[in-house]
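Inspection log for the structure reproduced underneath, given as structure tokens.
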Amino acid sequence: MPTIRIVNGEAVAATDYEKYMRTDKLFALLPDRREIVSHGEFMFHISHLTAELWMQVIFHDVDTAVSHLARDELSQATDLFQRAAMIEEHLANELALVEKMPPLDYALIRHNTLGKGRGQDSPGFIQMLGLGDVIWPHVVSALERHQTTIVDVLTAPDAQFEMYVLLRSLFELDQWFQTWRFGHLRLAERQMGARARTLNGSRVDGLMNGVRQRMLPELWDAVNEFSERTTARAAQNRGRLEPPSTTSA
Ligand code: HEM
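Residue numbers for the sequence shown follow my numbering, beginning at 2 and rising by one.
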């Protein structure tokens, strides 16, 4: 196991790896294992820290993705949106680790060290809530440039396949954030109970309101419109829907 060199009470970087990664600064962020109030607090703390870092990668990727979109580089944008969605998936899966923590460990954290610390004040989470506003204007411009709509693309995906895959990556980005929020609600219910009160007095199961929020609501609306249109078209054709090659989009 690698050892951390401590000089004057501070961790010191020795190798180039340590210098490049700034592991001295990183390890300085770790909770002091002699001071934690329960075994699980170590993981609880680190899972929040790593989530903050991963969310920074999401913003970095989305920032570049929208620049690609502005230059009409749809494939490059799609690739980065997809990767950002994969980070969300990774964060959603990571919640299972915290689920393993006994509720008593969390109760000890909650009553002894958390103070007024609220997940809702996470800088990364607050920025995640604004991602839709960052992305959406670029999607609208791209659709206008290509003289198409989401419903048209869904109706004939092969005709504008690059655009279709781009839209699919955005569904994934939105969906994995919702999946994280649902997984987190379940985690909070397991650790504290649905009826428990948060610091602002609302019930834990009130987190469900956030689960229902969409990052890009227009995308999901368009699926409704697509479905209504295809249903109407099938109704005109004795219940049978012809593929786009034999119908007009
Ligand atoms: C024992 C496990 C956990 C419990 C019991 C718990 C509990 C809660 C509760 C009650 C809230 C709502 C009130 C508030 O903002 O504090 C909340 C919000 C939040 N927590 Fe946690 N949490 C846990 C783990 C985590 C982890 C591991 C993360 C991040 C990796 C996290 C991130 C957040 C975020 C971002 C919010 C705002 C969510 C929203 O408004 O939809 N929490 N948590």
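Ideal Cβ positions, reconstructed from N, Cα and C, are used throughout, including at glycine.
Keep in mind it's a predicted model, so treat the numbers as computed, not measured.
Roughly how many whole angstroms lie between the Cα atoms of residue i and residue j?
| i | j | result |
| --- | --- | --- |
| Thr150 | Val140 | 10 Å |
| Ile136 | Ser228 | 24 Å |
| Val99 | Gly131 | 26 Å |
| Leu186 | Arg72 | 38 Å |
| Thr231 | Pro244 | 10 Å |
| Phe178 | Tyr18 | 33 Å |
| Arg84 | Ala15 | 33 Å |
| Val63 | Thr180 | 19 Å |
| Arg234 | Leu242 | 7 Å |
| Gln77 | Met44 | 36 Å |
| Phe172 | Gln121 | 24 Å |
| Leu27 | Thr51 | 11 Å |
| Leu220 | Leu168 | 8 Å |
| Pro32 | Leu144 | 48 Å |
| Tyr165 | Ser68 | 19 Å |
| Gly184 | Arg215 | 16 Å |
| Leu200 | Arg111 | 11 Å |
| Ala66 | Arg204 | 37 Å |
| Asp175 | Ser246 | 30 Å |
| Leu188 | His46 | 15 Å |
| Phe295 | Pro138 | With the chain covering 2 to 250 only, the question about residue 295 has no answer from this structure. |
| Gly125 | Glu226 | 33 Å |
| Arg213 | Asp206 | 12 Å |
Exposed or buried, what is residue i when buried is set at 16 or more other beta-carbons lying within 10 Å of its beta-carbon?
| i | result |
| --- | --- |
| Leu75 | buried |
| Gln331 | Lying outside 2 to 250, the shown extent of the chain, residue 331 is not represented and no answer is given. |
| Ile37 | buried |
| Ser249 | Low confidence applies to Ser249: its pLDDT is 47, below 50, so where it sits in the model is not reliable enough to give any reading. |
| Ala197 | exposed |
| Met2 | Because Met2 carries a pLDDT of 47, less than 50, the predicted location of this residue cannot be relied on, and the following value inherits that uncertainty. Exposed, since its Cβ has fewer than 16 Cβ neighbours within 10 Å. |
| Ser170 | buried |
| Ile7 | exposed |
| Thr156 | buried |
| Asp153 | buried |
| Val13 | exposed |
| Met22 | exposed |
| Gly41 | buried |
| Leu81 | buried |
| Gly133 | buried |
| Ile127 | exposed |
| Gln192 | buried |
| Val224 | exposed |
| Asn9 | exposed |
| Arg182 | buried |
| Leu105 | exposed |
| Asp222 | exposed |
| Leu54 | exposed |
Can you tell me which residues form a DSSP beta bridge with residue i?
| i | result |
| --- | --- |
| Arg198 | Arg204 |
| Arg6 | Val13 |
Following a CB-centred definition, is residue i positioned closer than 7 Å to any heavy atom of ligand 3?
| i | result |
| --- | --- |
| Gly120 | In the structure shown, ligand 3 is absent; the only ligands present are ligand 1. |
At a cut of 8 Å, does the region 83 to 99 reach the region 109 to 118 through at least three beta carbon pairs?
Contact annotation: the region 83 to 99 does not touch the region 109 to 118, with fewer than three C-beta pairs closer than 8 Å.
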